[in-house]
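**Q** By numbering that gives the first Met the number 0, the letter at position 97 of the sequence shown is numbered 96, and the numbering carries on one by one without gaps. Please find one structure pasted underneath; my questions will follow.
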Amino acid sequence: MNRKEPAPLSVWRPLNLDRFLLGAPHYPEHVDEGCWQRDAERMAAAGVNTVRMGEFAWHIFEPREGKFEFGLFDRAIELLGRAGIDTIMCTPTATPPRWLTVNYPEVLRVDINGRASSHGSRQHADTTSPVFRAHSRRITRAMAEHYRDNPRVIGWQTDNELNTTVSESFAPSTRLEFQKYLQKAYGTIEALNFAWGGHFWATAYDDFSQIDLPRPLMPSYPSPGHVQDYHRFLAAATAAFQHDQVEILRAANPDWFIFHNLGQLADIDFRGQFGQDLDFIGFDIYPMLYDEMRRTGGHAATQALHLD
Numbered sequence: 000m001n002r003k004e005p006a007p008l009s010v011w012r013p014l015n016l017d018r019f020l021l022g023a024p025h026y027p028e029h030v031d032e033g034c035w036q037r038d039a040e041r042m043a044a045a046g047v048n049t050v051r052m053g054e055f056a057w058h059i060f061e062p063r064e065g066k067f068e069f070g071l072f073d074r075a076i077e078l079l080g081r082a083g084i085d086t087i088m089c090t091p092t093a094t095p096p097r098w099l100t101v102n103y104p105e106v107l108r109v110d111i112n113g114r115a116s117s118h119g120s121r122q123h124a125d126t127t128s129p130v131f132r133a134h135s136r137r138i139t140r141a142m143a144e145h146y147r148d149n150p151r152v153i154g155w156q157t158d159n160e161l162n163t164t165v166s167e168s169f170a171p172s173t174r175l176e177f178q179k180y181l182q183k184a185y186g187t188i189e190a191l192n193f194a195w196g197g198h199f200w201a202t203a204y205d206d207f208s209q210i211d212l213p214r215p216l217m218p219s220y221p222s223p224g225h226v227q228d229y230h231r232f233l234a235a236a237t238a239a240f241q242h243d244q245v246e247i248l249r250a251a252n253p254d255w256f257i258f259h260n261l262g263q264l265a266d267i268d269f270r271g272q273f274g275q276d277l278d279f280i281g282f283d284i285y286p287m288l289y290d291e292m293r294r295t296g297g298h299a300a301t302q303a304l305h306l307d
């Protein structure tokens with residue numbers, strides 16, 4: 000079949016990519032700047048024409064609240080561009096900076112035992128938190144406005160592997176957002192009680208404000224409907240968190256393509272907004288050479304299952 004129009008890869012619009020993009024994640028913040036030129040030349044000689052950058056660099060883009068610095072990545076993008084290598088930028092919201100977690104501890108995820116996350120890893124901020132969503136919108140908007148006219152920035156990745164490290168949170172703000180979600184979903188507490196089988200074990204509620212987040216031992220098992228709706232809520236909240244960024248990026252430059260790189264599938268619902276907001280979805284596969292599963296072949300089976 001001779002197709003006259005580009006294949007529709009996006010629910011928003013077709014993508015017209017005039018070449019196959021071959022690239023890899025690139026981290027100029029980890030490499031001495033004196034090595035950049037050599038690296039770019041070697042990458043170009045190997046056939047690399049695209050890199051992805053910035054997903055873990057919020058602390059560089061915004062070293063202090065409201066103070067933005069783009070110089071390091073501007074130089075990297077320009078140098079790579081001279082070698083014929085374009086850039087896919089990433090929103091850096093998987094790694095909130097130290098100043099954010101110190102000044103706004105309410106954004107930290109809380110585990111099932113009530114322990115708040117600490118700084119020093121990644122995905123420690125709760126994507127259901129209205130405060131964290133506001134900060135994420137701000138850094139996304141600042142980056143989008145800065146790079147909107149840069150011809151070497153051809154697209155964006157939202158965040159990085161959403162929900163891969165952890166998808167759940169039991170923070171007070173998460174509970175409030177869950178209650179709002181349930182009220183919108185059911186309308187009345189009577190409808191929720193019916194759906195959850197509230198007469199069993201006297202688990203019915205008088206008001207949405209009474210509903211807690213489900214834990215495995217409360218001291219026995221929670222209602223299956225309660226657990227299911229909690230994970231539906233997490234999936235909806237993840238999609239809404241990403242949607243904030245997509246709206247900003249599309250408004251800044253409609254020519255950018257936007258995608259996400261999945262690492263796992265925890266509390267991700269592709270049927271609705273999460274997938275429809277994107278031009279395409281990627282999936283990260285790692286060799287895991289340090290893992291015993293490499294010897295047994297189990298990792299290959301796991302990745303095949305994810306791809307299925």
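Note that the Cβ used here is the ideal one computed from N, Cα and C, for glycine as well.
Are the CB atoms of THR202 and SER172 nearer to each other than 7 Å?
**A** Taking 7 Å as the Cβ cut-off, THR202 and SER172 do not qualify as a contacting pair.
**Q** Are the CB atoms of THR92 and MET52 nearer to each other than 7 Å?
**A** Their beta carbons are not under 7 Å apart, which means THR92 does not touch MET52 by this criterion.
**Q** Could you tell me if ILE111 is buried or exposed, where buried requires 16 or more neighbouring beta carbons within 10 angstroms of its beta carbon?
**A** Counting Cβ neighbours within 10 Å, ILE111 comes out exposed, since fewer than 16 surround it.
**Q** Sorted by chain position, which residues of the same chain lie with C-beta nearer than 7 Å to ILE280's C-beta, five sequence neighbours on each side aside?
**A** Here the set comprises PHE258, HIS259, LEU261 and GLY274.
**Q** What is the DSSP secondary structure of VAL109, reduced to helix, strand or coil?
**A** Strand at VAL109.
**Q** Are the CB atoms of LEU107 and SER120 nearer to each other than 7 Å?
**A** It is not a contact, given that the beta carbons lie outside the stated cut-off.
**Q** Along the alpha helix (DSSP H) that carries GLN122, what are the first and last residues, could you check?
**A** That residue, GLN122, is in no alpha helix (DSSP H); it is neither H nor E in DSSP.
**Q** Please say whether PRO213 and TYR229 have beta carbons closer to each other than 7 Å?
**A** Yes.
**Q** Does the region 179–186 come into contact with the region 138–158, if we say contact requires no fewer than three beta-carbon pairs (one atom in each stretch) closer than 8 Å?
**A** With a cut-off of 8 Å, the region 138–158 and the region 179–186 do not count as touching, because too few Cβ pairs lie within range.
**Q** If you draw a straight line from the C-alpha of GLY224 to the C-alpha of THR126, how long is it?
**A** Taking the straight line joining both Cα atoms gives about 23 Å.
**Q** Within a Cβ cutoff of 6 Å, which residues of the same chain sit near ARG2, ignoring the five residues on either side of it in sequence?
**A** Note that ARG2 has pLDDT 42, beneath the 50 cutoff, so the model's placement of it is unreliable and no number is given.
**Q** I'd like the ranges of any alpha helix (DSSP H) spanning at least 4 consecutive residues and lying wholly in the region 12–90.
**A** For the region 12–90, whole alpha helix (DSSP H) runs of length 4 or above, ordered along the chain, are 35–44, 57–60 and 70–81.
**Q** Could you name the residues that DSSP lists as bridge partners for HIS259?
**A** According to DSSP, HIS259 bridges with ILE280.
**Q** Restricting to runs no shorter than 3 residues, where is the beta strand (DSSP E) found entirely within the region 139–203?
**A** Segments of the beta strand (DSSP E) lying fully in the region 139–203: 152–156.
**Q** How would you write the range of the alpha helix (DSSP H) that ASN102 sits in, first residue to last?
**A** Counting along the chain, the alpha helix (DSSP H) containing ASN102 begins and ends at 97–102.
**Q** Which term fits TRP57, buried or exposed, when burial requires 16 or more other beta carbons within 10 angstroms of its beta carbon?
**A** Label assigned to TRP57: buried.
**Q** Quick one: is PRO96 buried, meaning 16 or more other Cβ sit within 10 Å of its Cβ, or exposed?
**A** Label assigned to PRO96: buried.
**Q** Based on the DSSP output, what are the partners of ALA238 in its beta bridges?
**A** BP columns for ALA238 are empty, so no partner.
**Q** State the DSSP-derived secondary structure class of ALA133, mapped to helix, strand or coil.
**A** Helix at ALA133.
**Q** Give the single residue among ARG147, ASP31, GLN227 and THR164 whose Cα lies nearest to the Cα of PHE177.
**A** Looking at the Cα atoms, GLN227 is the closest of the given residues.
**Q** Is the separation between the beta-carbon of VAL50 and that of GLY22 shorter than 7 Å?
**A** A contact, by the Cβ cut-off of 7 Å.
**Q** Report yes or no: do three or more beta-carbon pairs, one from the region 162–169 and one from the region 240–251, lie closer than 8 Å?
**A** No contact exists between the region 162–169 and the region 240–251.
**Q** Could you give the distance in angstroms between the alpha-carbon of LEU8 and the alpha-carbon of ASP276?
**A** Unreliable placement is indicated for LEU8, whose pLDDT of 47 sits below 50; the coordinate value is still reported in the next sentence. Whole-angstrom Cα-Cα distance: 12 Å.
**Q** Among LEU16, PHE60 and ARG81, which one has its Cα closest to the Cα of GLN359?
**A** No answer is possible for residue 359: it lies beyond the span of the chain, which begins at 0 and ends at 307.
**Q** Starting from GLN275 and walking both ways along the alpha helix (DSSP H), at which residues does that stretch end?
**A** Per DSSP, GLN275 belongs to the alpha helix (DSSP H) from 272–275.
**Q** So, with DSSP's three-state summary, where would you put ARG114?
**A** Coil.
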